[in-house]
Every structure is written in structure tokens, then in C-alpha cells.
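Encoded as C-alpha cells, the structure appears first; notes follow it.
Chains as they are written, first to last, in the working numbering: chain A, 10 to 268; chain B, 79 to 143.
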């Protein structure tokens, strides 16, 4: 006689199950307790509930990722890896990827000048930086430069001249002359302006003659000069006293870019 | 033939030099040279009006001419 003490109780009246376990499935087990048979029924729902309490080890899950369609759909909805210049734009050729800050040059830059006295040489009173790469190759623009000079004090010596130059350093040596006005009366102000056109290729042009108060109110020829946009450039605001005993100052200089 | 004009007395000095190089840029003198102070000139070139001062070699060449 067999020594098994439990077995499955097959009932020919039930339809055999051949597919995956369903919550409505019923499994019965029979065991011998004290010489009598005891039937125990287990539902498919109980087995499923017990199985779901387990956990998979991350990294130990096997299978095909795309078969998990909800996860694959969520992954598909994610933005792809950013590639500078491909799916994320650059700013003035600067990549936006990575950490840190990109300081953008201001399109306006003002300068406050200091007194010039004791010399008849043309002397820088104020300067303003035009940072490297502010002018962009292929993108022409206009640079509006204006300044206000002041003949300081009440001396009655001679006129002073207020000038504008540009250079790659804060130096008048080799600087390109842009414009000039003269102030005659003492303790008076003189304002003037120029418009430089950046052609997007390597040159700027400015109105000529260069002794106009404003190049907005006169027609005229222009002079063209080479500028390197890849390096820092400076607008230099100068004072020249005809008499060294006089004093002049650029009170304020400003350049503004119009793209 | 180039000419230098004194800003204050209007006198012209004729000068033959017509090119110079500064900071690796070659300039061609295209117009009058103006004396704006005892140490500075305005030189009209193909690249704009350039301030030339006595720290530049070309200054000595121009003023000694």
C-alpha cells in the first residue's frame, strides 16, 4: 500500500485546466488526518495574491524591455540626450550644456570719465568695453555711440576737444578715430554721437567728416575700418585741451547695439 | 605724395611714405596727416583715421620725414 499522505483530488466532473492560472480557478488537496481524508480548497486568487507579495531583485529581472509596453511607452516619451547644436540651440556659438553660467554681453555699456588737465595731448577720459564676440560674423548690426563732454571750471583759456576712438586696448596708440567735437565756452557741455555699421564680415564704417555733432542729421561719405570681433575692443572717449591749464572731462559715454 | 598738416597753423609738409605696419596690421596712407598734439598725429589710411603717437615707430619716421 502506498505511503503517500496527500494527493490531489481529481474530479472527472471538472474541466481540466490547461492555460495560465486564473483567480477563479479552484485547486483541491486531500490529506489523511487520523485515518480520515480532509479536503482543502485553494483558489487561484489566493495563489496569485501570495505570489505577488514577492519581490524581484533589481538587476536580476530578465526578459525583453520592450515587452513591458507601459515602461517602454514611458521611456519613448522621454526627451533624447541633448546634443549641442543638434537638438538644443547654442547662444552666440556657446554650448548650453553642462553646469555654470554664460554671461551675455550687454547691448548697452556706459562709461564715466575722469578729468583731463595739465596736458595738451589727446587723452583718454573714459572707456567702455565691447567684449569679444559681441559682434557676430554673418550678423550685421548698428552700434550707436554717444558721449557728453564737459569743459570744467571757469577758466578762459582755450577750447577743448571731445573725441571718440576704438582700439583693442585702452590705449590711443594705433586707435581708430571715430569723431570729435569742440567745446568753446567754459563750464559748458557738448554732446555728440556716431553710428558704426558692422557689416558682419570684418569691417565697421562710420560717417565722415568726423567733426559733426551728429551723423543722424547730415548726409556724407563714410570711412571703413577693419575690426576683429573675436577679441575685446574698447571705445575710447577722449579730451584734448588746447591749453594745458584747462580741464575737460567726458561725463558720460555710451554704446548701444541694434541688431 | 602724402602731406602733413599742422592743426594749429595749417602748414603742410609733404611726405612720401605710404605704408606702415602696426600690431601686425599693414596700413596704407591715403590722405593728409594731421598733427593733433606735440606727440600725436591723425593719419588717414585705408583702414580709417589712425592715431599715431610717439610710442609707435612710424611716428618717428613720419615726423623725421
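In this text, a Cβ means the ideal position worked out from N, Cα and C, and glycines have one as well. The model shown is predicted, which means the values in this text are computed figures rather than measured ones.
- A distance below 7 Å separates the beta carbons of residue 189/A and residue 219/A.
- Contact between residue 256/A and residue 125/A holds, with the beta-carbon distance rounding to 7 Å and staying under 8 Å.
- Residues of the stretch 180 to 194 of chain A that bring their beta carbon within less than 9 Å of a beta carbon in chain B comprise 180, 181, 182, 183, 184, 185, 186, 187, in sequence order.
- Taking every protein chain shown into account, the CB of residue 268/A has fewer than 16 other CB atoms within 10 angstroms, so this residue is exposed.
- The beta-bridge partner set that DSSP reports for residue 197/A is empty.
- Exposed is the label assigned to residue 151/A, since fewer than 16 other Cβ atoms lie within 10 Å of its Cβ.
- Closer than 7 Å to the CB of residue 125/B there is at least one CB belonging to chain A.
- Residues of chain B whose Cβ lies closer than 8 Å to the Cβ of residue 249/A are, in chain order, 114, 115.
- From the beta-carbon of residue 234/A, the residues of chain B found nearer than 7 Å are 125, 126.
- When CB distances to chain B are screened at a threshold of 7 Å, the residues of the stretch 109 to 137 of chain A falling below it are 129, 130, 131, in chain order.
- With respect to the 7 Å criterion, residue 192/A and residue 157/A are not classified as neighbours on the basis of their beta carbons.
- Shortest Cα-Cα distance from residue 132/B to any of 183/A, 111/A, 102/A involves 183/A.
- Burial state of residue 139/B is exposed, judged by a 10 Å Cβ sphere holding fewer than 16 other Cβ atoms.
- Excluding its 5 nearest sequence neighbours in each direction, residue 170/A has C-beta neighbours in its own chain below 6 Å: 189, 191, 249, listed in chain order.
- CA-to-CA, the gap between residue 137/A and residue 162/A works out to about 25 Å.
- For residue 142/B, there is no enclosing beta strand (DSSP E); the residue is part of the alpha helix (DSSP H) that begins and ends at 135 to 142.
- The criterion of a C-beta distance shorter than 7 Å is not satisfied by residue 120/A and residue 141/A.
- Taking the beta carbon of residue 133/B as reference, the chain A residues within 7 Å of it are 182, listed in sequence order.
- For the stretch 95 to 109 of chain B, residues whose beta-carbon sits nearer than 8 Å to a beta-carbon of chain A comprise 100, 101, 103.
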